[in-house]
Structure formats: structure tokens, C-alpha cells
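Participant:
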Amino acid sequence: MEMVEKLTLITPDILLFVGAVVVAVLGLSGSRTIRQAVPLITGLFLIGSVVVTQFVYADPAALESSGLLFPKIGGYVKSLTGVVGLGLVALGTGTVDRAYERAVASGSAAFDPLRVVRGEYHAFLLLSLAGVMLVCNATDLIWLFLALELSVLPTYVMVALSRNNRRANESAIKYFFLGAMSTALFLYGFAMLYGATGSLNFIEIRDVLATQAAGEAGIAPFAVVGMGLALLGIFFKISAVPMHVYAPDVYEGASNPMTGFLSIVPKIAGFVAIIVLCGTFGWAGREQITAAGTTMVQEGLPAPISAMLWMVAVLTMTLGNIGALLQKSIKRLVAYSGITHSGYMLIGIVAGTENGTDALLFYLAAYSLGNLALFGVLAGLTRMGQDIESFDDLAGLWRTRPRMATMMALAAGSFVGMPPLIGFWGKLMVFIAGVESGHVVLVCVAAVNSAISSWYYLHLAGVPVVRMSTPRSESVTNGPRMAPRLVAVICGVGLLVVPVFTTPLYEFARTSMRYGELEEPAARSVASPTTPGRELDQG
Amino acid sequence: MSGTPTLALAAEAVELINPRTIQICLVFSALLFSIGLFGFLTRRNMIVMFLCTELMFQGVALAMVTFSRMHLDISGQVFVIFILTVAAAEAALALGLVVLLYRRRTTLDVGAWSELKEC
Amino acid sequence: MLSPTLATLMTSAGESIPGGVTPIPEAAREESLAWAGLILLFPAVSAIICGLCAACRVRNRLPGWTTVIALASSFVVVCLLYGQHQAGQPTVIHLFDWINFSWGDGTFESVRANFALYVDDLSIFWMLFVTGLGTCIAFYATEYMDDDRGKGYSRFFAAMSIFLLAMCSLVLGDNLVMLYLGWEGVGLASYLLISYYYTRQSAIDAGKKAFIMNRIGDLGLAVGIWLIWYNFGTLEYDGLFQALNVYLPIADAGNLPGTEIGQPQLGWSAYLIPWFLMVGAFGKSAQFPLMTWLPDAMEGPTPVSALIHAATMVTAGIYLIARTYPIFWLEMEAGGYALATVGWIGGFTALLAATIALKQYDMKRVLAYSTLSQLGYMFMGLGVVQTFGACFHVYTHAFFKALLFLCSGTIMHGLAGQLDVRRISGLRMAKGWKVVTWCMFVGGLWLAAFPFTAGFFSKDEILAQAFVQKGPGYRALGWIGIVTAGLTAYYTFRVWFRVFGGRTLRIEPGPEHHGDPSSFHPHPPGWRMKSILILLTIGCFAAISTGYWGIGHWIKGMVDHSSAAWGMPLHWEEGDIPFFGGDPHWTMYFVSGTFGLIGLAFAAYFHLINRRSAERLDELFKRNFITNLIPRTLERKWYLDEVYNALVRIPTYLSAKFFYLFDRLVIDGLLVGGIARIPMFLGRVFQPLQGGALQGYATTMAGGVTLVVVWMIWVFLQKGGG
């Protein structure tokens, strides 16, 4: 574990740190041109980190000495984070301190570096994304904790900054306090895990747990409960039951681009953390070489954890759906829809196989793309200088802005899982992974929920077409910047086009989860598990 | 895996680890955490609420130290340092936010901030 | 006697697997031919360019020429591919992965449908005339659509490019998913082009009708494809054929696969596949009862009618059956009647459409019904196990029908939309119409199967086989075909004699002429239209030799080296029935030729020599109620639309009403009021949890965490940590 080689893998993250510093400084510049170039520079750093990721993760020496549970997972997740980050930067252009900039431009306010927040906003954005990327490189619980905190702390500030009104403040304080509570929760879980295994290092934890499981007494109860608490704490990031209650309020209070950020980025971090944590139990049927050099077949998630995840997945998708049915505000609806999708994605974890996590990683990309398209529309339109939030604002959108209405319909279709769109493939793969591991009831629940969800998603797609425009909706105009609408169009078209590349994308996700195992394509059939996951339907 | 340095303790030091002590420390850490959680759920002053989260963190830190001692493994204590650091960072953030909110409503009562809800 | 198909096979197929079935060769994987992907790429690029032109409201001829060049390039690539192709050796050219899932190594443990091309003689043969004719007709359309520049010109050519792209995917795809993709793609293009004049209500209705009727067929195809996967575990042709290689010899030996122990198992649903595929084919190729959309599709611009609704798209059904012929064959060996049904539906449609064409006055509609009728012949050919005849007829028909449509297009173009045969006469005497006159004459001869034309040979191939092949009532089917041949000659030349014949030039301008009718002068076609007409006429002549004489059994070789002929047993019983005292393949020339000439003579008498007599005959019929029924019924197309209306639309409407009420009372009243309210109700139950107070949320979270942890501990106590 050479330090230099260990650092190689986090070059993309370091690049983002450098970017954060650069952007923070440039954002304070007195020159308007430079201040306006900040999003562009942020984007360049993100592109750079995506490019660097490709090279870094092609370096076998670095992967070999990484000491990671899943050495290659960062290749996929960092690329995804970088690309999503690009979209999010584009969503946010021009919305931050717009009024102040205008005042400075018109001469009605003097330039005051302390009041300019664009640089900070983008620096925080980069820091948060760097946190997500660092989660992939967590070798131990300390690193995981720090990376998760790094990904989430800046977002508290970003929510508060995103809009200059009470609602944003309220959502920031709710987000912060509940986030701190969840942090304490998963830290306590970490402590118990540490107590039960005597190590903070994931690979050591894995070996200890495997030894315990093979022994007479089984896995220590402390380890199970600790892992449960850790997962529950991290559920805050993916807004899964019971840690989901904050989501609707926080999403509603934040500005539209920020909501887009909240609905995607913490989820990526959370799910990667969950994969890594659950990975210490190993995936069912996978052969593992312990540090001691002996080979053993992993047993997969222990029954209590699996049962807990099963229950949480069912509750998450169901309660998310139920909540969404009643919504009149699009942003609350998106919050509940995000909760529901977390439920679907949890199937990939419950499956307890590598196929499940592959499907989950794929689903993350599909979900991010859909959300970017949706928020591109929401952030690209404005009603008298305000964000559009209600369904009433969308009435008759089809006639005034057919392109935006189409993109919205595409995003909704992808969320429902309509066949040619990418959302369908994501759901299909997750469901297949679920059925394969024997969780038929869970997949059935998900399918029923999917059907129920079409109710409100069709509403989302249908309101712009069916409902006649009102004076209120007629006052909706294009936002001041084109970038969000461009994101909407690109991602909307992407929802249609990316399915063509389903296989390469899925392969990317697969190989990222299976370092050292899938070097030759012939090993593909390894995917099928020898022991199906435990049937929990009676439990 | 040379990354986890172990405490090179003298043989007599090992004997000092009493299971009873460890139990007491763990119960105390659980109490700290619970008190923090209880305070967090019941106190309405935002600064007190924040202090309660700090209390929860300290509970975790105590558990970490205890386990570190139990396993004779120093990494748990390293973790505590990081927990303290992050807690400090959160404190800075929390105070900033609280000041911001106080300026808007001139109250520290968290109940004043319940505008966003299901309608 | 052996069918000619088999005669070639006997000599060409070297080895045969035990059981006397010609094996279907395994496809070679050829990565070096990846440039063949350009065939699909060119139309795709052209579609994008034309789409951009439409978006940017380009007013020049750029989209037109882009399309022509793209299609011509595709044609060239197809020709090059043909040069590289080894006869009798199918090749799979993998372009890139698309759907590629596997969850094991077994047959049924993967779903694969990649972007790959299955190149064998049949697909190359189809591609040659699809891209070739496509290029010609796009070239023709650059002039025909000239008036629409700046309006729908770009849209038109974008849809044409999409059509060609989809058609290439349909024909060249190496799996049924690509075929389905192309199938839907051509349907979409067809819909877009039928409704091209979207300001006309009739065009919109026709587009909708075509779309809906095709959906019925597509459902059949989709189910068929699913059943193929379900039974054979693969969607790729190569895998499917290799699986069939196992079953066909067993079926040939007289056993149903799966009935004896130790045999490979094949479920009963495998024998349903042909029936579902058939429905798909009938929908796309407009056979009874899914036929009425095609005549209405003539609302589209004429080049579209020529390319899509006569020459290429409607033959997709023939292609589908020819491609999956071994499955049909398996079903027939198992004692099923799928092929017989195909043959009979084809024959029935041929006769029905021919009778309707007798009394139509709209030139394009006559041609549309003749298309139905000719497609019927092709299905008849497939049904009586004469795949070569069917494919040969597809080929000749593509040329002469495209020629006829393009000729009628020039008339429509030059005469301000006039197509009524009663309002045009003696057009041959007008200035500048010589080429059209004689090109249409040639097309008519070919359609009427005048002796020694290509249409004559291809049709006789099918008709003769009907008398040779053993099957339910195939002899009667043959006679239906012969009678239809006579009717075809009559209605074809009825049009030609009416429009071009006659002693004086008399033209009434069509609905698009606004002004004094007396000042109307037809404007003759320009060089681009004329050159294409002449080119297609040459093609018609060339078809004679490529099909039968001269270059030798070119098409025959192509068809026999493909799945349309493979997998058949080497020996099978044929009814060796002399027809008029000789080999049907020989005597048929005389019989069908005679019938054709009789039809032609009638047409000449009633519509050229003594037109008054036709009117007198008409009046004679009209005098009596009973006899009046005949012309009226034909004029109203056997009341098919009305019958469908009564059978489908009215019940649908009524059931819609019923379900509306059901919906209002039961669904809305009971379910939404009850079951569907449950989520809403639950939502309201959980709403207080979202009361807005921060600590309320925190309590919910903490409570939830406690409950979950308790649940976890309970499971732990039940099952342990393992």
C-alpha cells in the first residue's frame, strides 16, 4: 500500500479540490467577466476529473495496491459523478445571486466581495462532488465517514445560499439538524462495528466477519446491530424510510437547481457507501481470497441485515409512492419520487449479489439522467422571477413550450419505466437481479408500486398537454439562461438514445464492481449465483 | 495490511483491561448518546439542539475510545480525533446557520420554522 | 415430380443431415465486413440532415439531393457486399452490442439482440431492389415534390430516409428484435407519409387507419417473436436455424418433436408461432381481413405509393414468412395448416381485390387494389411451397408496380390532381406524354401478365405449383389464381385504354386547378421523372432475363440459398397431377396466357373500340335491382368498410360507452372511491408526520430507527446472524 500509488486513484478528487480553491478565489474577483466565467471553469475542472478518472482507473498498478474492497468502483462512480456534476453546474448557472449581480451591473449597488456567493456556491459544489468521489476510495470507516461528511457539509450551505428567502433558510436548518442526527447515528453504528470486529479497515472487517460467520457462534450481534445502525444513518443520504421525512420539505425550500443537486448527488454517495458497507459481508456466492491467502465462498448478507433492507425497501417505495399521490407541488412530488426510486434501488442491495449492485449502479445513472432532464425543465423556466413549483405553472406548457413539455414527458416516462427509455432498462435489471436472488415478493411489490407511480408521473407528463393554460401558467417564461434548458434537451434525448448503449454502460458498471475477476470476457457466466438469496417472505 | 498500528503495550498493561470497566464505559457512552438524542428531540432552542448533537458525537467518541482500548488498537482513537474535527466544523456551520436564522425571525425557537409542510 | 426449388437443391446441397432434410448452414462471423453497416448509416445520416433542414426551414433542394445521394450510396454498398458474398453461406456481421444479457451459459439463459447484419442471399436480394428502387424513386420525387419546397419537402425526404433506414434494419437485421424495430419503423414512416398532406381530413383518416390496422398485425408479430424466444431460446436467426436443424429431421421422419422419450422437447406453443407471424405479415402486407388500409393509403404522395405501398414495405410480410419459413415448414410437417391458410388467404385476397378493381374509377385506387391482388399471389406462392415464385413475383412486381404508380403520378402531377379514368381520354396525343404513354403500356403488360413478360413468368411459377403441390384445395386455389389473372388483364387495360386510348384528346383538370377549365393545359413531366420511368421500363425488361432466362437462374439461386428453401426435406410427395394433359409448369403458360388475353380483349372492346357498349352494359345492369347489385357492390368494395364498421367500430364504440359507464360507476365510484383511495387515505394518515416541525421529523426518524432495529434484532433471534 504505497502512499503514492494510493494517491493515484484520488487524482480526480484532488483535481476537484484544486478546482474548488480556484473557483472560490475567482468568484471574489472584481471583474464581472471572471465572475461569470466561474461556472465554465467549474465545468472544465469536472471534465478534467472525468478524463483523469478514465486514465487513473486503467492503471493496474494503482488498482492492485489500492487496498480497497472494490478497487474499480470509482471508475464508474467518478465518471457518473463528474458527468452529473456538469449537468448540475449548467442547471445552476445564473441562478445564484442574480439580483445582486444585476444591481452591481446597473450601478445601484457597489461591488462587495463578501456579498458575492457564486464562487462559494461552485466551490461547495465541487467539494461535495469530491466527497462523493472519495467515498469510492474509502479503505476504512474513518475515510468513509470523512468522505460522507465532505459530501454533505457543503450542501447545507448550498441550500441556504440557493435562495434568499425564508423557505431556503428553513430547509437548510431542517436539512442540517436532521443530517447531524443521522451522522451521529451512523457513527454509533461504526463504533459498534469497530467494537465487534476490532478493525476499521474494510478488508480486515470482511475477513473477521467471514471468520465469525464460519464459526460456531455466527456473526456477532454487535456487528449486525452496528451495521444496521450504520446503514440506517446512511439511509438519510438516499432518503429511505425511516430517514426520508426531511426530503419533501428540504427539496421544496431549496431552489430548483439545488433540489436537482440534492436529488442526485447524496444518493450516489449514499448508495456507494451502502455497497461498500454491505460488501464487507461479501456477495452471495462470490469467491474471496482472505488476507491470509485462503479461499472461501462468501455467504452474502446475514439474515437480519437482509430482512432489515427488505423491509426498508418495501416501506420506502410504498410510502414514497403514497406521499407522491397527494402532491400539488412538483418539487415535493420529485422528493417522494426520489424516495420511491431509492426503494427500487435498494432491491439491488437486498438481492445480495453482484448482479444486484451492477443493476443498482446502472439504475443510478438512469435515475440521474431522468432527474437532470426534469430539473433542466424546472430550472430553465421561471414565473415572474420565481422558480416554478406547482402543477398549475405547467398547465398548457405543451402549447407554449413544446420542447420543454416533451422533455418533461420523457423524464416522467423514464421514471415510470416505459420501454424504450432508459428508466425501463434500469428497472428491468434491478427486478431481474431481485428475482434471480429469490426475492420475488419484493419485486412484485416494486412492480405494483411502479404501476401506482404511473398515476402521478402521467400527471406530470399530462398536465402540460391536457390542461388549458391559465393566466398563471401563461406568465411562465424562459429563464434568463439557456444552459438548464440545454441540459433538459440533452438529457431528454439521452433518455431515448442511451438505451441503445445499454450494454456498454451495463458492462462498465459490471467491470467496475468486479476488479480482478472479469479480466477476460469468458468469465461472464460467473454472474449467476450458486446459492439463491434467502427467502424472506415469511420472515 | 500494515496500515493499522497496534499498541505495543507491556504485558502488565494488558492485565489492566477489566471487562467491567469496558462495560461501564460502553453503558456510559450509550447514555451520553441517548441523552443527546432525547435532548435533540425535546429542546426547542436551536443552540441547545445543536449541543445535543454534539453530545451524541461525544457518546460515539467515548465508545470508540473504549473499543480501541478493548482491542488494543489505536485506530479507534484516531477516529475520535477526526470525529472531534468534523464536530468542530459542524459547529462552525451550525452557528452560522443559527445566526442567519436568528436575524430573520429574531428567535431561536425551532418551532418558528415550520412553514414547509404537507398542505 | 420435384419442384424446381428442390431440383436446384438436390444438386447444390452437398451433404444432408440424416432424415433427408437440407441442413441450414451455420453463419460465418465476419468482422472485416463491418463497412456493411454503412448501408444503414447513410439513410440515418440523411434522415438527420433532412430533419435539420426541416427544423431550419430550408427552402432549396438540399434534402432531396441528400436523400438521393445517401440512398444511392447505400445501393452501392449493397452491391459491394453482394460482390463479397459467397452464395449459400450466410454471414453475420456484428456491428455493436445492443441487447446482450445473459444469466448463464445455457440456451434459455440469455437475451441477445445486437446490432448485427444477417447477410444471406435472401436479404441481399431484398436489399438490392429496396435500395435500388428507393434511389430511383427518391430521384423522381425530387421533381415530383418540387412544388412543396419550403413546406413539406424536408419532412417528406426525412420520412423517406427513415423508411429506408427501417427497411434496411428489417431486412438485414440478424435477429427478430431488429426486424421488429424495422417493422415498426417502416410503419411509422408509412404513417407519416400517408398523412403527409395533413391539412386534408381524408389523409389524416387514412394515416390513422393504416396505423391502427398495422398495430393489430404488429401485436401478432410481437407475440410470435416472444413465442420464438420462449420455445427456441434465441432471437437471432442463426441460433434459431441451428435449433430448427435439430427438430426438422425429426418432424420429417414423421414424429412430432417431443412426443417420444429421448427426443429434444418442443412445446405445443411452438406450433402457434407461424399463426402469429402470419397475422403480422397480413397486417403489413394488407391481406384479408387487414387489407382496407392500403387503398386508403393512396392519400399519400405518389412516390410514396410507389415505393412504400407497392414495391417495398408491403412485401415485408413476404420477407418475414420467407425468412422464418423453416418454422412454417415444421408446423406443416407436424400436420398443421398454417401454410395452407397463408395460401388460401392470399388467393382469396387476390380474387377479392381484383373484383373490386374492376369498378374503381380512381387510377391510383385501381393500382392499389391490383397491389393487394398481386400480394395475394405472393402469399399464395408461399402457401403452395413455391418460395422462389413468391420472391420472384415480389421482384418483378416491385418494378412494374413502381413504374405504373410513377406513371400515374406524372398524370396526377401534370393534370392538377386528376386521376378519374372517366375524365381523361386520348392522353397519348398530348404533347410531351409519349414516354409516359408507352412506359405505362409496358407496366400494364407486365401487370396483366402478357405472355413472355416478367410478370407472366413469375405468376405462372406460383400458379403451376398450386396444381403440383399437395394440399387442401390447392387445385381450386390454382383456378382462382387463373381467373384472377384474367380479371387483372381486364382492369389494367381498362385504365390504360380509357386514359391513353380514344380518338380525341379530352382532359378535365383536377381539383388542384383553380381557374378556367378551358384554358387548362397539362404540363408534361420533366427530364428527371422521364428518366426514371425509362429506367424502370428497362428494369422491367431486364427482370425477364434475371428471373428465368438469360443470366440464368439468378433469382432462383438467390432464393434457394436462403432460409426460404433450407430446412425442407429432400423428398416429399407431390401430387403429380397432369394439367391439361401435361406438366403444369409447361401447360400453365398457355392456360394463364389465354385467360390474360381474353381479359385484354374484353378491355379492348369495352374501353377502346366500342366505349358506348360499356355504358350500355352498365345501364343494362342498372335497370334491374338484382343485377344492379353487382356493379354497386364492386364499386363499394364489397362493402368491406361498412362491414368492418359494423363488426369492429360499432361494437368498439358500444363497448367503449359501456366501459365508460363502468369506469364512471365502478372504477371511479367503487375503486377510486375505495381501493384507489387507500393510498390517498394512507397518505393522509402519514401526513401528520410531515407537519413541518423539525423535531417531529426527528422523532419520526428516531422512532423509525428504533422499530427497524427491533425488527432486526427479532430476525436475529429467529434466524441467527448467519
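Top to bottom, those sequences are chains G, B and A. Taking the numbering used here, the leading residue of the first sequence gets 1, the next gets one more, and so forth. Taking the numbering used here, the leading residue of the second sequence gets 540, the next gets one more, and so forth. Taking the numbering used here, the leading residue of the third sequence gets 659, the next gets one more, and so forth. For each residue, glycine too, the CB sits at the ideal point set by N, CA and C. None of the values given here were measured: they were computed from a predicted structure.
(1) To the nearest angstrom, report how far apart residue 544 of chain G and residue 13 of chain G are at their CA atoms.
(2) Take the Cβ of residue 35 of chain G as the centre, count every other Cβ of all protein chains shown within 10 Å, and call the residue buried at 16 or more, exposed below.
(3) With DSSP as the reference, please indicate the residues paired to residue 770 of chain A in a beta bridge.
(4) Straight-line CA distance for residue 744 of chain A to residue 1116 of chain A?
(5) May I ask you to report which of helix, strand or coil DSSP gives residue 859 of chain A?
(6) Give me the Cβ distance between residue 404 of chain G and residue 397 of chain G, rounded to the nearest whole Å; I'm assuming they're in contact under 8 Å.
(7) How about residue 202 of chain G and residue 297 of chain G: do their beta carbons lie closer than 8 Å?
(8) Taking only the alpha-carbon atoms, compute the straight-line gap between residue 989 of chain A and residue 1184 of chain A and give it to the nearest angstrom.
(9) Do residue 680 of chain A and residue 729 of chain A have their CB atoms nearer than 8 Å?
(10) Which same chain residues, not among the five before or five after residue 694 of chain A, have their C-beta less than 6 Å away from its C-beta?
(11) Residue 599 of chain B lies in the alpha helix (DSSP H); which residues open and close that run?
(12) Considering just the uninterrupted stretch of the alpha helix (DSSP H) at residue 973 of chain A, what are its terminal residues?
(13) Leaving out five residues on either side along the sequence, give the residues of the same chain with a beta carbon under 7 Å from the beta carbon of residue 1288 of chain A.
(14) Strictly by DSSP, which residues pair up with residue 776 of chain A?
(15) What does residue 1353 of chain A reach in chain B if we use C-beta pairs closer than 7 Å?
(16) Quick check: the stretch 1078-1096 of chain A against the stretch 1003-1011 of chain A, are at least 3 beta-carbon pairs closer than 8 Å?
(17) Cβ of residue 874 of chain A less than 8 Å from any chain B Cβ?
(18) Alpha carbons only, please: which of G:490, G:430 and G:302 is nearest the one belonging to residue 1371 of chain A?
(19) Spatial neighbours of residue 192 of chain G within its chain, please: C-beta separation below 7 Å, excluding the five flanking residues on both sides.
(20) Who are the Cβ neighbours of residue 1015 of chain A in its own chain at under 6 Å, not counting the five residues just before and after it?
(21) The stretch 493-504 of chain G: which residues have C-beta closer than 8 Å to a C-beta of chain A, in chain order?
(22) Compare the C-beta of residue 261 of chain G against all C-beta atoms of chain A and say whether one is closer than 8 Å.
(23) Could you pull out every residue in the same chain whose Cβ sits closer than 8 Å to the Cβ of residue 81 of chain G, ignoring the five residues on either side in sequence?
(24) Under 8 Å between the Cβ atoms of residue 353 of chain G and residue 425 of chain G?
(25) In this structure, how does DSSP classify residue 1088 of chain A when only helix, strand and coil are distinguished?
(26) Taking the alpha carbon of residue 1294 of chain A as the point to measure from, which residue in A:849, A:953 and A:721 has its own alpha carbon closest?
(27) When you compare the CB positions of residue 721 of chain A and residue 816 of chain A, do they come within less than 8 Å of one another, or not?
(28) Straight-line CA distance for residue 961 of chain A to residue 1144 of chain A?
(29) Closer than 8 Å, Cβ to any Cβ of chain B: which residues of the stretch 153-172 of chain G, in chain order?
(30) What separation, rounded to the nearest whole angstrom, lies between the Cα atoms of residue 876 of chain A and residue 1003 of chain A?
(31) Starting from the C-beta of residue 1043 of chain A, find all residues in its chain whose C-beta is less than 6 Å away, skip the five residues before and the five after it, and write them out in chain order.
(32) Please name the residue or residues paired with residue 382 of chain G in a DSSP beta bridge.
(33) For the stretch 290-323 of chain G, enumerate the residues whose C-beta is nearer than 8 Å to any C-beta of chain A, in chain order.
(34) With a CB to CB cut of under 7 Å and the five nearest residues on each side skipped, what residues in its chain are close to residue 188 of chain G?
(35) Does the distance from the C-beta atom of residue 1146 of chain A to that of residue 1257 of chain A stay below 8 Å?
(36) If you draw a straight line from the alpha carbon of residue 711 of chain A to that of residue 883 of chain A, how long is it in whole angstroms?
Facilitator: Looking at the coordinates:
(1) Nothing in the structure corresponds to residue 544 of chain G, since chain G is present only between 1 and 539.
(2) buried
(3) A:758
(4) Taking C-alpha positions only, residue 744 of chain A is separated from residue 1116 of chain A by approximately 25 Å.
(5) helix
(6) 6 Å
(7) no
(8) Straight-line Cα distance between these residues: approximately 52 Å.
(9) Taking the C-beta atoms as reference points, residue 729 of chain A is found no nearer than 8 Å to residue 680 of chain A.
(10) 739, 751 and 775
(11) 585-610
(12) In this chain, residue 973 of chain A is not harboured by any alpha helix (DSSP H), its DSSP state being neither H nor E.
(13) Closer than 7 Å at Cβ, skipping near neighbours: 1279.
(14) A:750
(15) 580 and 649
(16) Not touching, per the Cβ criterion.
(17) Taking CB atoms only, residue 874 of chain A has no neighbour in chain B less than 8 Å away.
(18) Among G:490, G:430 and G:302, the Cα nearest to that of residue 1371 of chain A belongs to G:302.
(19) 222, 225, 226 and 229
(20) 1024, 1027, 1028 and 1149
(21) 500, 502, 503 and 504
(22) For residue 261 of chain G, the answer is no, since every Cβ of chain A falls outside 8 Å of its Cβ.
(23) 129, 132, 133, 265 and 268
(24) no
(25) Residue state for residue 1088 of chain A is assigned as coil, using DSSP reduced to three classes.
(26) When each option's Cα is compared against that of residue 1294 of chain A, the closest is A:953.
(27) yes
(28) 28 Å
(29) 153, 156, 157, 160, 166, 167, 169, 170, 171 and 172
(30) If you draw a straight line from the Cα of residue 876 of chain A to the Cα of residue 1003 of chain A, it comes to about 18 Å.
(31) 1127
(32) G:477
(33) 299, 302, 303, 304, 305, 307, 308, 311, 312, 319, 321, 322 and 323
(34) 229
(35) yes
(36) 37 Å
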